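>
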Amino acid sequence: MGADSDRADAARRAAFGGPADAPVREGDVLAGRYRVERVLATGGMGIVVAARHVTLNQRVAVKVLTHNAGSSQATARFLTEAKASALLRSEHVVHVSDVGTLDSGHPFMVMELLEGQDLAQVLESEGRQSVEAAVDIVLQACEGLAEAHAARIVH
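Note that the working numbering has the sequence shown beginning at 80, numbered continuously upward.
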């Protein structure tokens, strides 16, 4: 088990076995529609969980703002991010399908759930990439940024 596994375990414990006031727990049904299955990531601003739409049986990712959730400025930025992302239609940008506020007051957004490894995991498992592979990765990121810039969104 590596450091990433240890961090994931710590994230799960913090989110699901932590304080009673944790905004999202495994098994919770968010907004009456999304049953939480597991923690995908935690960060300085929030938590991202894998969930399943209870009616459609569709797997999704749900991002919940936990840090400064009561701040109108943080909430406004979060909602702006969700609205901007929902405008984009690119295979290089995750699709946002829903947004709202939990009963706890924490804002959330629902996104398509991507399977696979992130770049850090690929580099850890495979090591340095060939020039061709690195160029392909950068070009895909540029495609997503170009889509955002075309929609007058600057990230």
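Ideal Cβ placement from N, Cα and C applies to all residues, glycine included. Keep in mind it's a predicted model, so treat the numbers as computed, not measured.
What are the complete alpha helix (DSSP H) segments, minimum 4 residues, inside the region 148-204?
If we require 4 residues or more, the alpha helix (DSSP H) runs fully inside the region 148-204 come out as 151-166.
> Here's a check: name, in chain order, each residue in its chain whose Cβ is nearer than 8 Å to the Cβ of Ser-84, leaving out the five neighbours to either side.
At Ser-84 the pLDDT is 44, less than 50, meaning the model places this residue with poor confidence; the figure from the coordinates comes in the next sentence. Closer than 8 Å at Cβ, skipping near neighbours: no residue.
> Whose C-beta lies closer than 6 Å to the C-beta of Pro-98 among residues of the same chain, with five residues either side of it excluded?
Interpretation of Pro-98 is limited by its pLDDT of 41, a score under 50 that renders its predicted location unreliable; the figure taken from the coordinates is listed afterwards. So the list is empty, once near-sequence residues are dropped.
> Can you tell me which residues form a DSSP beta bridge with Ala-120?
Note: Ala-120 sits in a beta bridge opposite Val-127.
> Check the C-beta distance from Gln-219 over to His-171 and give it rounded, since I have them as a contact under 8 Å.
Gln-219 to His-171, Cβ: 5 Å. Contact.
> DSSP puts His-132 in a beta bridge; with which residues?
Answer by DSSP bridge pairing, in chain order: Tyr-113.
> What do you reckon, are the CB atoms on Val-133 and Val-115 nearer than 7 Å?
No, they are not a contact pair.
> For Arg-168, which option in Val-103, Ala-229, Met-124 has the closest C-alpha, if you only look at C-alpha atoms?
Nearest option by C-alpha distance: Ala-229.
> Is the CB-CB distance between Met-188 and Val-178 below 7 Å?
Contact flag set, yes.
> Please report how far the alpha carbon of Leu-181 lies from the alpha carbon of Val-233, in whole angstroms.
So the alpha carbons of these two residues sit roughly 28 Å apart.
> Looking only at its chain, what residues have a beta carbon closer than 7 Å to the beta carbon of Lys-142, apart from the 5 residues adjacent to it on each side?
Same-chain partners within the cutoff: Gly-125, Val-127, Phe-187, Met-188, Met-190.
> Beta carbon of Leu-192, beta carbon of Val-108: below 7 Å?
In this structure, Val-108 does not lie closer than 7 Å to Leu-192 by Cβ.
> Distance check for Val-210 and Lys-162, CA to CA, integer angstroms please.
Rounded to whole angstroms, Lys-162 to Val-210 spans 35 Å at the Cα level.
> Cα-Cα, which of Leu-144, Ser-176, Glu-160 is closest to Ala-227?
Residue Glu-160 is the option with its Cα nearest to Ala-227.
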